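Colleague: Here it is: the structure, laid out below.
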Amino acid sequence: MSVPLYQAKAELFRTLGHPVRIRVLELLQDGPRPVRDLLAAIDVEASNLSQQLAVLRRAGMVSTWRDGSLVMYALSTPDVADLLAAGRRILGAVLADRDGLLGELRADRSTR
1052 MSVPLYQAKA ELFRTLGHPV RIRVLELLQD GPRPVRDLLA AIDVEASNLS QQLAVLRRAG
1112 MVSTWRDGSL VMYALSTPDV ADLLAAGRRI LGAVLADRDG LLGELRADRS TR
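Taking our numbering, I'd label the letters of the sequence shown as residues 1052 to 1163.
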């Protein structure tokens, strides 16, 4: 039995709900990387990174393969990078709106 589309989407967004996973995906936007490079770029324990990479693999957001002794990771599709870019745009718009409201509040307070 398949799950409803809205439920699958919710699971996708839950996968993105961890800072280490987001950072991994950001780093992989520049191309495939070995685990050791990811570990050097992210200040977490190796076991924590391994757990987060496993979550991303299970969700199908990254692919993995061996290159000699290295375990390599890459985004499974360029759409993952597009999703991260959309998130940045949304966050920028939300924060800009908040800054605008804060400016209006300060202006209103100074006129009273």
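Cβ coordinates follow ideal geometry from the N, Cα and C atoms, glycine included. All figures in this text were calculated on a predicted structure; none of them were measured in a lab.
#1: With H, G and I counted as helix, E and B as strand and the rest as coil, what does DSSP make of PRO1055?
#2: ASP1094 to ASP1159, Cα distance in whole Å?
#3: Let's test the definition: count the other Cβ atoms within 10 Å of the Cβ of GLN1103 and tell me whether it reaches 16, buried, or not, exposed.
#4: Who pairs with LEU1126 in a beta bridge, going by DSSP?
#5: Just the Cα atoms here: how many angstroms apart are VAL1122 and VAL1071?
#6: Measuring only the C-alpha atoms, how far is ALA1147 from LEU1134?
#7: Relative to the C-alpha of PRO1129, which candidate in TRP1116, VAL1145, GLY1111 has its C-alpha closest?
#8: Can the beta-carbon of GLY1154 be found closer than 9 angstroms to that of ALA1125?
Modeller: In short, the structure shows the following:
#1: For PRO1055, the secondary structure class from DSSP, reduced to helix, strand or coil, is coil.
#2: Taking the CA atoms as reference points, ASP1094 sits about 43 angstroms from ASP1159.
#3: Taking all protein chains shown into account, GLN1103 has 16 or more neighbouring C-beta atoms within 10 Å of its C-beta and is therefore buried.
#4: VAL1113.
#5: Our two residues, VAL1122 and VAL1071, have alpha carbons roughly 18 angstroms apart in a direct line.
#6: The straight-line gap separating the alpha-carbon atoms of ALA1147 and LEU1134 is approximately 20 angstroms.
#7: PRO1129 has its Cα closest to that of GLY1111, out of TRP1116, VAL1145, GLY1111.
#8: No.
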